Amino acid sequence: MRPRFATKQIFISSTPIGGNAPISTQSMAYSQTCDIQATKAQIDRLKLAGADFVRVAVRHKKDANALKELKKVASLPLIADIHFHHHLALIAAESVDAIRINPGNIGAVENIRAVAKACNERNLPIRIGVNGGSLEKPFELKYGATPEGMVQSALYNIKLLEDVGFSNIKVSLKASDVERTIQAYEKLRPLTPYPFHLGVTEAGSLFHSSIKSAMALGHLLREGIGDTIRVSITGELEEEIKVAKAILRYSGRQKEGITFISCPTCGRIESNLVALMAQVEQRLAHIKIPLDVSVMGCVVNALGEAKHADIAIAFGKKSGLIIKKGQVIHKLPEDQLLETFVKEVQELATQHQHEDNHAKL
C-alpha cells in the first residue's frame, strides 16, 4: 500500500480534509431540502451511522432559503449541492459549510467566479464535481466521455477558481463504471495539490454499488488517492456509510470497528451459522475499537483461525467454544454462547480502549 498523497488541507466546518487528516465519509439526504424536519431526521440518521458530512440538494429557491433554518438544527456539517442555477449557490453560501458545483451545467465562467467570490467571503470550500456523463460541451466534443475529458474539465475549472484567487478547493471525478473512475483520478492526482472526493456515480443498488465502489475506491485508496468518499447506493442512507467504512477498513486506510473473519457455509456446520452471524454483527455493530473477531460454524477451523483473531466463537452441535488470543476460555451450551461472547468482546474492546488512552498519555 502506497503512502497517501500529501495534499493541501482544507476545512469543512471544523473538520480537516486532506493533508494527514483521516479520510472522511459522507452521504446525501434524499428528502426535499425545504422540508426541514424530514431533512433533519435524515441527517440525524447519518450522524448515528457515523457520517462526517451530509450533502443536500438545492433545486429551487425555496430549498436555498430553507438552508438557514436547516443549518440551525443539522447535526452534521452541510454541503449544498448545486446544479444549473448558480444564483442558488450564492444564497446557499450564506448558511452552509461547503458548496458543490458541477462545472458541466453551472453555466458561464462569470457564474463560477460569482460563486467563488461568495465562498471566499465566508471561507467556504468549493468541490468541483466533474461527472463523466455531464461534461461541458467543449470537452465532450473533443474527448468524449473519457477520463481525459474529465481531467481536462477539472484542470480548466481549477484554473478558473485560482485565477480569481480561490484555492479552497476539493475535486471529484466520477463516472458510473470502475475503469473510467480509476483512470480519471489517477491521471489528475499528480497534476494538482487539492484533496480528492472519491466516488462511483450512479452505481446502482446495494449489491452492484458495493462491488463497483469496493473495486474503484479500494484500488484508489491503496494507491494513496482519496481524502473523502461517498458510496452512492440506490437504497437507504445508512447502507452508504456502512459500506464506505468497510471499504476504508478493508483497504487498510482506517483502523476502526470490527473486522469479521467467518467461515463459508459447508457440510460440517452443525448450527444455523447464517442467522447466528447476523446476530453477532448486529450485537457488536456499536464497537468502534479495532478488533479481529472470528465466527466459525464448527471446531475444525476454529482453533487455527482463532490464532489470527483477537477473539473467536465456534458454534457446534448444541454447544460451542469461545477462544481468546488462541486459548479456549469457555465451552458452553448454545443457549449461553452468544450472550457470553458479546460480553467478552465488549470487555476486550474496553480493555483496548484503556490501553490506547494510556499510550496517548
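The numbering of the sequence shown is my numbering, which starts it at 1117 and goes up by one. Quick reminder that beta carbons are idealized off the backbone N, C-alpha and C, glycines included. Remember, predicted model here, so these are calculated numbers, not experimental data.
N-terminal and C-terminal residue of the alpha helix (DSSP H) that residue i is part of
i	result
Ser1326	1322–1338
Ile1363	1353–1366
Val1409	Here Val1409 belongs to no alpha helix (DSSP H); instead the beta strand (DSSP E) covers 1407–1412.
For residue i, three-class secondary structure by DSSP
i	result
Lys1188	helix
Ala1137	coil
Met1144	strand
Thr1123	coil
Gln1350	Residue identity check: residue 1350 is Thr in the sequence provided, not Gln. Coil at Thr1350, not helix or strand.
Ile1385	coil
Asp1472	helix
Met1117	coil
Glu1455	helix
Thr1155	helix
Gln1370	coil
Ala1319	coil
Thr1149	coil
Supposed close pair residue i, residue j - CB separation, criterion 8 Å
i	j	result
Arg1305	Ile1139	Between Ile1139 and Arg1305 the Cβ distance is about 15 Å, and since that is not below 8 Å, they are no contact.
Thr1149	Val1174	6 Å
Ile1244	Ile1274	6 Å
Ala1360	Thr1131	In fact, because the Cβ distance is near 15 Å, the residues do not count as touching under 8 Å.
Ile1363	Pro1241	That belief does not hold up - the Cβ atoms of Ile1363 and Pro1241 are roughly 23 Å apart, past 8 Å.
Glu1372	Pro1406	6 Å
Asp1197	Val1170	With 8 Å as the limit, Asp1197 and Val1170 do not qualify as a contact, their Cβ atoms being about 10 Å apart.
Asn1218	Asn1247	6 Å
Ala1261	Leu1251	6 Å
Glu1339	Arg1118	5 Å
Ala1319	Ser1288	At roughly 14 Å, the Cβ-Cβ gap does not stay under 8 Å, so Ala1319 and Ser1288 are not in contact.
Ile1420	Ser1387	First, the residue type needs correcting, since residue 1420 is Gly and not Ile in the sequence shown. With 8 Å as the limit, Gly1420 and Ser1387 do not qualify as a contact, their Cβ atoms being about 19 Å apart.
Val1347	Phe1376	With 8 Å as the limit, Val1347 and Phe1376 do not qualify as a contact, their Cβ atoms being about 19 Å apart.
Beta strand (DSSP E) segment containing residue i, residue limits
i	result
Gln1443	1443–1449
Thr1375	1374–1378
Lys1440	1435–1440
Beta-bridge pairing of residue i - partner residues as DSSP gives them
i	result
His1424	According to DSSP, His1424 bridges with nothing at all.
Leu1400	According to DSSP, Leu1400 bridges with nothing at all.
Ala1430	Met1412, Leu1437
His1313	Thr1344
Thr1131	Ile1128
Any non-hydrogen atom of the ligand NAP closer than 7 Å to residue i Cβ
i	result
Arg1229	Absence of the ligand NAP from the depicted structure is noted, as is the absence of any ligand whatsoever, leaving it without description.
Q: Report the residue ranges of all alpha helix (DSSP H) runs contained in full by the region 1224–1309; include only those spanning at least 4 residues, in chain order.
A: 1225–1238, 1253–1259, 1263–1279, 1294–1304
Contiguous beta strand (DSSP E) assignments of at least 3 residues, all confined to the region 1157–1224: 1169–1173, 1194–1198, 1214–1217
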